[in-house]
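Trainee:
There are 4 protein chains.
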Amino acid sequence: MSEPELARIGHVALETADLDASLAFFVDAVGFEEVERQDGTVYLRAVDEFDHHSVSLTEAERAGVDHIGWQTRNPEDLEAYAEMLETEEGLDVTWVDADEEAGQGEAIRFSTPHGHPFEFYHEMEKPDPPAERRSKLKNKTYSRTTTNAIAPRRIDHVQIWDADAPGCAEWLQEALDFKVQEYYDREDGSRWGTFVSANGNKIEAAVIDDEAEQPPGLHHIAYKVDSADDLFDAADAMNERGVPTDGIGQHSISRGKFLYTRDEESGHRIEFNAGGYLVFDPNWEPIAWQEGDLEDRQWIGQIESTDRVQY
Amino acid sequence: MSEPELARIGHVALETADLDASLAFFVDAVGFEEVERQDGTVYLRAVDEFDHHSVSLTEAERAGVDHIGWQTRNPEDLEAYAEMLETEEGLDVTWVDADEEAGQGEAIRFSTPHGHPFEFYHEMEKPDPPAERRSKLKNKTYSRTTTNAIAPRRIDHVQIWDADAPGCAEWLQEALDFKVQEYYDREDGSRWGTFVSANGNKIEAAVIDDEAEQPPGLHHIAYKVDSADDLFDAADAMNERGVPTDGIGQHSISRGKFLYTRDEESGHRIEFNAGGYLVFDPNWEPIAWQEGDLEDRQWIGQIESTDRVQY
Amino acid sequence: MSEPELARIGHVALETADLDASLAFFVDAVGFEEVERQDGTVYLRAVDEFDHHSVSLTEAERAGVDHIGWQTRNPEDLEAYAEMLETEEGLDVTWVDADEEAGQGEAIRFSTPHGHPFEFYHEMEKPDPPAERRSKLKNKTYSRTTTNAIAPRRIDHVQIWDADAPGCAEWLQEALDFKVQEYYDREDGSRWGTFVSANGNKIEAAVIDDEAEQPPGLHHIAYKVDSADDLFDAADAMNERGVPTDGIGQHSISRGKFLYTRDEESGHRIEFNAGGYLVFDPNWEPIAWQEGDLEDRQWIGQIESTDRVQY
Amino acid sequence: MSEPELARIGHVALETADLDASLAFFVDAVGFEEVERQDGTVYLRAVDEFDHHSVSLTEAERAGVDHIGWQTRNPEDLEAYAEMLETEEGLDVTWVDADEEAGQGEAIRFSTPHGHPFEFYHEMEKPDPPAERRSKLKNKTYSRTTTNAIAPRRIDHVQIWDADAPGCAEWLQEALDFKVQEYYDREDGSRWGTFVSANGNKIEAAVIDDEAEQPPGLHHIAYKVDSADDLFDAADAMNERGVPTDGIGQHSISRGKFLYTRDEESGHRIEFNAGGYLVFDPNWEPIAWQEGDLEDRQWIGQIESTDRVQY
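Residue numbers (UniProt numbering), protein chains in the order written: chain A, 1 to 311; chain B, 1 to 311; chain C, 1 to 311; chain D, 1 to 311.
1. Have a look at Thr306 (chain C) and Trp284 (chain C) and give me their C-alpha separation to the nearest angstrom.
2. Have a look at Arg109 (chain C) and Glu295 (chain A) and give me their C-alpha separation to the nearest angstrom.
3. Find the residues of chain C that neighbour Arg8 (chain B), judging by a C-beta separation of less than 7 Å, and give them in chain order.
4. If the cut is a Cβ gap below 8 Å, which residues of chain B does Asn239 (chain A) touch?
5. Is it buried or exposed for Arg37 (chain A), if we count other Cβ within 10 angstroms and need 16 for buried?
6. What residue from B:Asp162, B:Gly275, B:Ser54 and B:His157 has the CA that sits closest to Ser252 (chain B)'s CA?
7. What are the boundary residues of the beta strand (DSSP E) that includes Ser190 (chain B)?
8. Consider the Cβ of Ser54 (chain D): report whether some Cβ of chain A lies at a distance smaller than 8 Å.
9. Going by DSSP, what residue range makes up the beta strand (DSSP E) through Tyr81 (chain D)?
10. Report the three-state DSSP secondary structure of Asp226 (chain D) (helix, strand or coil).
11. Name the DSSP bridge partner or partners of Ala24 (chain B)?
12. With a threshold of 16 other CB atoms inside 10 Å of the CB of Pro130 (chain A), please say whether the residue is buried or exposed.
13. Please state if the CB of Gly64 (chain D) and the CB of Gln310 (chain D) are separated by a distance shorter than 8 Å.
14. Can you tell me whether Ile253 (chain D) is helix, strand or coil according to DSSP?
15. Which residues does DSSP list as the beta-bridge partners of Val158 (chain B)?
16. Taking a cut of 7 Å between CB atoms, which residues from the region 145 to 167 of chain D lie near chain C?
17. Just to confirm the assignment: which complete beta strand (DSSP E) runs, minimum length 3, are found wholly within the region 38 to 115 of chain C?
18. Starting from Ala175 (chain C), trace the alpha helix (DSSP H) in both directions and tell me its first and last residue.
19. Using the three-state DSSP reduction, which class does Pro148 (chain A) fall into: helix, strand or coil?
20. Chain C beta carbons: is any one of them nearer than 8 Å to that of Gly31 (chain A)?
21. For the beta strand (DSSP E) holding Leu294 (chain A), just list the boundary residues, first then last.
22. Measuring straight from C-alpha to C-alpha, what distance separates Thr145 (chain C) and Glu182 (chain B)?
23. Quick one: give me the first and last residue of the beta strand (DSSP E) that Thr16 (chain C) is part of.
24. Any idea what DSSP makes of Asp236 (chain B), helix, strand or coil?
25. With 8 Å set as the bound, which would you pick, yes or no: does the beta-carbon of Asp236 (chain A) sit closer than that to a beta-carbon of chain B?
26. To which residues of the same chain is Ala163 (chain A) closer than 6 Å at the C-beta, ignoring the five residues directly before and after it?
27. What does DSSP give as the partner residues of Val309 (chain D) in its beta bridges?
28. Of the residues D:His268, D:Met238 and D:Ala13, which one's Cα is nearest the Cα of Asn148 (chain D)?
29. Residues of chain B with CB closer than 8 Å to the CB of Asp188 (chain A), please, in chain order.
30. For Val35 (chain A), name the three-state secondary structure that DSSP assigns.
31. Relative to the C-alpha of Ala222 (chain A), which candidate in A:Leu278, A:Val93, A:Glu79 and A:Ile155 has its C-alpha closest?
32. Let me check understanding here. Comparing Cα to Cα, which of A:Ala60, A:Glu106 and A:Asp246 lies closest to Trp70 (chain A)?
33. Taking Phe272 (chain C) as the reference, give the member of C:Asp236, C:Pro282, C:Trp289 and C:Leu278 with the closest Cα.
34. Note down, in chain order, all residues in the region 214 to 230 of chain D with a beta-carbon under 8 Å from any beta-carbon belonging to chain B.
35. Taking buried to mean at least 16 other C-beta atoms within 10 Å of its own C-beta, is Trp161 (chain D) buried or exposed?
36. Does any CB atom of chain B fall closer than 8 Å to the CB of Trp289 (chain D)?
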C-alpha cells in the first residue's frame, strides 16, 4: 500500500454565536453561495467552486472553529491516515459517517498534537447551482449576472496561529508530508512563520507564531479574487455595508495582494487575495526570509489587526 | 448678450416597439437604474450619474429616436439658441414645457438641417436614489452593493450616421460651435468621420458617413466603465443572458476600448467604453487621420455590425 | 472685454538641492520624460501629455517650489489678469518673457495674498517626442514600448497647505473664479480642506489647513494613471528601487485611489492617482463633508506622512 | 518501482531561419529574458520563471520545433520512461547528455506515434538574473523596473495540431497518463479538441484536429499574464512595434482570455493568456462540450488565423 496523500485544503467548519448575523456577513456582504442547510449548519461555497462547500457555519455558544478540512488524493487514504495517526502519532481519531457533514463522504477527525482540529475526507458532492444561476460555461459554476459582484472565487489558504508555530509546522511536514513553500525567521533565528502546502502548488496554510502565547486559533481564511481592482471593489462594498476591513496591500511572502474583512459578530476574518504565484516545479526549494531582508513583511500597505478566533 | 453655449451631451430619448423587452435589456442586462415613469416613458440613468436621466424609453410603433439632448451652460441660452436657430438657420423650433419630459426644465427641440432630432435644455433634477441604494460617499450616487456589477458609469458620447456626414459635422461646428477633436479622411480625400464635442473636453458625437446613403440615424450610445477588465465582465454578463454583442477591442480614434451590445428588440446599441483621453488644452488642434495611417480603424479587435436605428 | 478665464492646472516648477538625485527619482523611478534642458532647468512631461512640460526641476540652495503654473483660456487673459491683480488685489505682478521658461510664451507671476507662488501663461509648445518614441497613434504622445511601465499619464492636481486654508481657498474663488468641487468641515465647523478647480471639470487644487501653522507649501503633485492595478505596479517599482512610499488606498473626497511616493532628496511627493470622477454638469453644487460622515477621510488605506515642502 | 510521472510542461525548443529576426520578436517585442547562448542556441525564460529556460531558439534551414520538453516528477522517471517507451510502445528513444541542452540535466527524446517531438528531463538549473535585474522579493525572479512592461509571466500550455487529434490525445492519456481537463465534440460526434494536462492542475496541451490534414505541428505557446488589461497593453505594444496580432478575446474552453501575436519571420505564435481556472480536485471529471452548446468556441472575440508551424 502506497503512502496516503493529501490533495488540498478543502473547507473550514466555523462556529458563531449568532448564525443569522454571520450569514449576513458571509452571504450578503462577502457573496458566498448557500448550498444547503442540514441540522442547523449552513453550507456555503464560493462562486467558482464545484464542491459542495468550502466553509460552513454552525450556531454555538461562542465563535470557534470545529475543523479545518483537507481532502485526500484517494479514497483509501482515510483508512491509512487513521491507522498512521493512531499508531505512529498516538492521536485519537474519530470516524464521521458519510453525509453527517452534508454533501461529504466518510471522514476522520483528530486534533493535531498542537491542538489544531483537522478533518480528512475524500468524497464531496458537486451539486449544480439552481438553473437560473448556472453559468452557460460548462467549466464555471455560477453565472455572475445575479451574484454579488465582489464574491470571492475559490478557497486559497488558512492562517493559523500557534504559541509553538515552528513545532506545529514541523509536525505538519513530518507526519503529514506538508511541503514548505516559504518561511520567515526573526533576527534572533526564531521562526515567525512557515507557509506550507498539502499539494505543493500553493501556500495552503500559514502557521504563525503567536507571541501572546494564547491557545491556538484561526486568523483568517483566504479566498482568491481576480485582480487588484477586485480588492478595491471589495473594500468599497464592505464600507458601503458598514462591515469592518483590516487593511489593503500586498504581502512580500507569497506576493499575494490582500484585503481583509471581518464578521463583526464572530470575529471570523476573510481575506480577499489576488495575485501570488504557483509552484509546479518538482524541485522547489523553500524561500527563506530573514528579518531585515525587507523593511516590512508587507510589500505595500498594512494589516491592521492581529485578533483571531480560538478553536 | 453673450453667445449661448452648450455644456455637454445629456441624454437620448429612445423609442421601442416593446417597452418591456427593451427594459429587460437596459435595466436587467446592462444595469441602468430606473428613476421614474411618466406618461408611458421610463427614465433611466447610469449608476454614477446625479442627473434625472441620460436615456429614456418610450413605446412607439417602431424603434426610433425622439431626440438627442444637449444641456446648455446657462438658463438664458435656450432663448438665445431658439432665436438664432429660427432667424439665422431658418429652422422650426418647438418649446417644451418644464416637466413635460420628467425631471427636466423648459427645453427647445428642432431637427438639424440634416435631420438629426436635437433637444436643448438647461435644468435637470438630481433626485436621490432610494435610501437603501444611496452610496455613503456623498460624491457618488448609487452604492454598487446591490447594483448590476457591470453597470456602465456615465454617458460618454453618441455615434450618428449621415449620408452627408461631412456637411452634418460642418453645421454642428458652424451653427452650434461644436469643437472637432479628431477626424478621419479616406484615401480619396473624402471624410469618413468627424468626432466632435460640445464642451471640447471629450468626443461627444461621432458623425459617421453612411455609405449606404440611408436616412440619418443613431448607431450607438456609449457609456464609460472603469477598465478593460470591465469590458470582459460585460461581455460575460451579456453572453450569460443571451444578449448579443458586436465585438471587443480598442478604437484608434479616441483610444477608447469598447464592447458593443445590443437590444435585440429595438436594435438600440450600447457601447461600454473604457480608457480614452480628455482635452483640457485650450489650444487643442484636431487630430487628422488619413486612411493608411493604420491598417485598420481599430487598434485591436473588430466591430461586427454596422446596423443602426433610423430616427 | 470679457472676464479673463483659467483653463487648467498646467505645471509646477520645482527646486531641489541636488538635480541629479531628483532626476533619478522623477525620470528613472517615476517615469517622467525629459523634454529639454535650458539654463540649468530640466523640463519634464508625463507620457500622455502633448505640452512641453508639466513639471520642471531646477537646482537651488534648498528644495522649494518656484511656481505653480495655470494656463489661461485665451492669450489676452494675461493682460487682463495682470491689470486686475495689480489694481483690484494690490499684488505685485512680474512679466516673464516668452521662452524664459522653455517652450512657453509670455507669462505673469505673482504671489497670492497667502503666499502661494502662481504663474499664468497661455502659449505652450507641443514638441514631438523623438521619432523612435513617438506613438503610431496620432492622439498619443509616447509609445509605451520603451517607456517606464509605471509612468504616470498626465497631471491631475496639486495639494497645497496653508495655515489659513479657508481664507486661501476663498481668495481663489473670489479673485480667480475657482469653482469649489468638494469641501470638508471639522466638527467645530472649521474648514479642513477645500477642493477647487480652475475649469470646473475636476479637482485641480486641494487647499488643506495646516494645523502646525507652518509657512505655506506644496504637499504633492498628483498624476493620473489608468487603474488600481497601476497603483500596485507603481508600489512594486518604488520598492524595487528603494524609493519611499507613503501609503496606498482610496480617498473618500474625490474618490481617487492613490499611491504616494517621494523624492528622498527634495521631499517632493508624487501621487499616482486612479479613478475619481469628472464634472461636466454646469449646475454642480459643491459636495459638503462633515467630520463624522465617515470614520476616516480615506475610504480604504492610509496616507502615512504629512511632511510637505515650503515654497 | 513506482510508475514514472510527469510534473509539467517545461519548455519548447524552437527553430527559425533567422535567429536575429526571431530574437527581435521574442526578446525586444514580447519581453523574454535571455539567459544563455550555447552552440548557436539562445535560451530564454519569462520574467516569473526560476528555471533556466522555457523556450529556446536555434537557427535552422526552416522554422520548426525541435522538441516540446516535459519535466518528470523524479530523476529516476527518465530511466523508467525510456524503458516503457521502447518496450511497450516500440518507440526510438534517444538519450541526451546533461548540459547538451544548456542548464538541463540528462534527458530522453522521442517522437510520439503521431509524430510530436517530445523531450523528458528532470534537472534544470535555476540561475539568478544579473544582480541589477534580481527582484528584492526572494520569491520573484526579475524586478520589473527595467523589464519590458508587457513581458509574459510563465509558460502555461502548448497547442498542437494533428490530422488524427483524437488518436494523439488518446495515446497521451494511455501511454503517458495525461489527464483530460476538457474536450469538445462536433455535431457528428467527432472530436475537435482534447485539452490535457501532465499534472492535472491546468491545461498544458491542447490537441486540435487539423481539418486540412497537414503534418503535425505547433500552433502556439501560451504564457500567463496577470489580467485582461495586460492583454490590451500587449496588443498596444505589438501594434506600436508593427508586430502582427491574431485577435483578442476569451475562450469558452479553459475560460482563458487571449491575445495572439506572431513572429513574422518564423511564424511561431505566442498567446498572452489571462484568467482561466485551476484544478486541485482529485475527482475532477472532464468538461464535455458539444458543438451547439455555445454559438462559438470563443466567449467573446475572434482568433484570426489557423496557420501553424510544422515540426
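Heads up, the beta-carbon is just placed ideally off N, CA and C, and yes, glycines get one too.
Mentor: Based on what the coordinates show:
1. 30 Å
2. 43 Å
3. Phe280
4. Lys136
5. exposed
6. B:Gly275
7. Where Ser190 (chain B) is concerned, there is no enclosing beta strand (DSSP E), given that its DSSP letter is neither H nor E.
8. no
9. Tyr81 (chain D) -> not in any beta strand (DSSP E); alpha helix (DSSP H) instead, spanning Asp77 to Thr87.
10. coil
11. Ala24 (chain B) is not bridged to any residue.
12. exposed
13. yes
14. helix
15. B:Ala205 and B:Ile221
16. Thr145 and Ala149
17. 41 to 45, 55 to 59, 64 to 72, 94 to 96 and 107 to 111
18. Ala165 to Leu176
19. In the sequence as presented, Pro is not what sits at residue 148 (chain A); that position holds Asn. Correct three-state label for Asn148 (chain A): coil.
20. no
21. Counting along the chain, Leu294 (chain A) falls outside any beta strand (DSSP E), and DSSP gives it neither H nor E.
22. 24 Å
23. Leu6 to Thr16
24. helix
25. yes
26. Asp210 and Glu213
27. D:Leu218
28. D:Met238
29. Neighbours of Asp188 (chain A) on chain B: none; closest Cβ ~44 Å, over 8 Å.
30. strand
31. A:Ile155
32. A:Glu106
33. C:Asp236
34. Ser227, Ala228 and Asp229
35. buried
36. no
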